[in-house]
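Trainee:
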Ligand SMILES: [Cu+2]
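In the working numbering, the protein residues as written are 6 to 334.
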């Protein structure tokens with residue numbers, strides 16, 4: 006029954022891999038932000054008491070958040086999506102700005118407010134069409150959830166994730182840290198391979214190929230082999246989106262399994278940041294064991310020899326110096 010469920014589940018995930026997911030809404034996590042229209046915003050002259058037409062003039066939010074503009078000026082204003090003009094342009098040209106038709110508040114009086122919910126990531130410019138020098142922008146980032154999610158946006162409740170190959174020959178437990186994957190952050194992917202029938206950890210090396218695909222495109226591929234059951238890889242994503250970890254050629258055959266999740270835009274990373282992509286580093290257990298077993302004794306013996314020599318030579322020097330001091334007497 007467990008296998009059947011998994012088949013259905015993998016089929017479901019594959020559906021989303023093939024056809025993609027639309028917007029993933031997390032309305033429960035949506036927040037409200039406020040932009041103030043300050044006193045003096047209606048005055049285009051340089052003696053106006055305000056320096057900002059909107060406060061803040063650039064607001065960064067997450068998809069799903071609602072922005073409320075509060076009119077604290079003494080005049081009527083509106084919020085119109087599109088690009089306005091500068092005060093210089095206002096004085097020298099007949100240009101009155103270019104609405105893009107995405108949203109428009111209509112006029113609202115002093116003390117009144119108007120709200121708009123941004124559902125899609127992007128940069129939204131807006132202005133007041135009555136006073137077109139009043140420009141502002143809302144930067145909408147993709148929402149980062151509080152818990153890791155699978156490809157459908159459902160929270161991943163149980164770690165590690167258990168997945169099986171379609172032919173039932175292998176089973177894997179898969180985990181990664183940190184659980185919520187953000188761009189430009191090092192992710193450690195950890196996995197163990199089990200016999201799909203007996204459920205026992207396969208301690209002999211199991212070869213595999215790990216393919217990471219994002220938004221339908223392969224972005225990383227590496228060959229590896231488990232050591233004492235498991236292996237791990239490091240990776241850093243440069244782009245957000247639907248991401249699939251796919252293990253193929255497991256055991257040198259046609260067995261494969263995959264898991265899809267979502268990678269989110271890192272709100273703290275700049276777009277110029279260069280991602281670190283670390284290639285595979287296998288745990289070479291035999292070698293590490295040798296280092297652990299033989300390393301410390303060699304170091305201890307070496308230290309003993311050196312210190313013994315050091316003490317001996319210093320004592321010898323001291324003796325000869327003492328002798329030298331004594332001889333004139
Ligand atoms: Cu205005």
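Ideal Cβ placement from N, Cα and C applies to all residues, glycine included.
Within the chosen definition, does the region 91-98 reach the region 73-83 through at least 3 CB pairs nearer than 8 Å?
Mentor: With a cut-off of 8 Å, the region 73-83 and the region 91-98 do not count as touching, because too few Cβ pairs lie within range.
Trainee: Which complete beta strand (DSSP E) runs does the region 44-93 hold, if anything under 3 residues is left out?
Mentor: Runs found: 63-67, 71-76 and 85-88.
Trainee: Decide yes or no for the touch test of the region 152-162 against the region 101-114: beta carbon pairs closer than 8 Å, at least 3 of them.
Mentor: Flag = no, the region 152-162 and the region 101-114 do not touch.
Trainee: Compute every distance between the C-beta of residue 42 and the non-hydrogen atoms of ligand 1, then say whether any falls below 8 Å.
Mentor: Yes, Cβ of residue 42 sits closer than 8 Å to a heavy atom of ligand 1.
Trainee: So what's residue 96 in DSSP terms, helix, strand or just coil?
Mentor: Of the three classes helix, strand and coil, the one that applies to residue 96 here is helix, per DSSP.
Trainee: Taking the alpha-carbon of residue 171 as reference, which of 215, 67 and 255 has the nearest alpha-carbon?
Mentor: The shortest C-alpha separation from residue 171 is found at 255.
Trainee: For ligand 1, any of its heavy atoms closer than 8 Å to the Cβ of residue 184?
Mentor: No - ligand 1 has no heavy atom lying nearer than 8 Å to the Cβ of residue 184.
Trainee: Is the beta carbon of residue 46 within less than 8 Å of some heavy atom of ligand 1?
Mentor: Answer for residue 46: yes, Cβ within range of ligand 1.
Trainee: Along the chain, where does the beta strand (DSSP E) containing residue 251 start, and where does it finish?
Mentor: From DSSP, the beta strand (DSSP E) with residue 251 extends over 246-255.
Trainee: Does the beta-carbon of residue 134 have 16 or more other beta-carbons within 10 angstroms, so that it is buried, or is it exposed?
Mentor: It counts as buried.
Trainee: Can you tell me which of the three DSSP states residue 110 falls into?
Mentor: In the structure shown, residue 110 sits in coil (DSSP, three-state: anything other than H, G, I, E or B).
Trainee: Compare the Cα-Cα distances from residue 269 to each of 136, 190 and 186 and report the closest residue.
Mentor: Selected option, being the one with the closest Cα: 186.
Trainee: Residue 260 to residue 162, Cα distance in whole Å?
Mentor: If I take the Cα positions, the gap works out to 26 Å.
Trainee: Could you check what DSSP says for residue 306 in three-state terms: helix, strand or coil?
Mentor: Helix at residue 306.
Trainee: If you reduce the DSSP assignment to three classes, tell me which class residue 281 lands in.
Mentor: With a pLDDT of only 39 at residue 281, under the threshold of 50, the placement of this residue in the model should not be trusted; the figure read from the coordinates follows. Three-state DSSP puts residue 281 in coil, outside helix and strand.
Trainee: Where does residue 230 sit, in a helix, a strand or coil, going by DSSP?
Mentor: If DSSP states are grouped into helix, strand and coil, residue 230 belongs with the strands.
Trainee: Check whether the region 63-71 and the region 120-139 touch, using three or more Cβ-Cβ pairs below 8 Å as the test.
Mentor: Flag = yes, the region 63-71 and the region 120-139 touch.
Trainee: Is residue 130 near ligand 1, with its Cβ less than 8 Å from a heavy atom?
Mentor: For ligand 1, not one heavy atom lies less than 8 Å from the Cβ of residue 130.
Trainee: For a test of the three-state rule: what should DSSP assign to residue 26, helix, strand or coil?
Mentor: Caution applies to residue 26, whose pLDDT of 40 falls short of 50 and renders its modelled position unreliable; the value that the coordinates give is listed next. Residue state, collapsed to three classes: coil.
Trainee: In three-state terms, what does DSSP make of residue 215?
Mentor: Three-state result, residue 215: strand.
Trainee: For residue 152, does the count of other Cβ atoms within 10 angstroms reach 16, so buried, or fall short, so exposed?
Mentor: Per the 10 Å Cβ criterion, exposed.
Trainee: Pull up the DSSP beta-bridge partners for residue 225, would you.
Mentor: According to DSSP, which records beta bridges pairwise, residue 225 is partnered with 217.
Trainee: Comparing the CB of residue 139 with every heavy atom of ligand 1, is any distance shorter than 8 Å?
Mentor: Answer for residue 139: yes, Cβ within range of ligand 1.
Trainee: How is residue 312 classed by DSSP in three states: helix, strand or coil?
Mentor: Here residue 312 sits in helix by DSSP.
Trainee: If you measure from the CB of residue 263, is any heavy atom of ligand 1 nearer than 8 Å?
Mentor: No, the Cβ of residue 263 stays beyond 8 Å of every heavy atom of ligand 1.
Trainee: Please report the distance separating the alpha-carbon of residue 221 from that of residue 57.
Mentor: Residue 221 and residue 57: Cα-Cα distance of roughly 43 Å.
Trainee: How close, in whole Å, do the beta carbons of residue 86 and residue 105 come, if the pair is a contact with beta carbons under 8 Å?
Mentor: With a Cβ gap of about 5 Å, residue 86 and residue 105 count as contacting.
Trainee: Are residue 179 and residue 166 closer than 9 Å when you measure CB to CB?
Mentor: Cβ distance < 9 Å, so residue 179 and residue 166 count as in contact.
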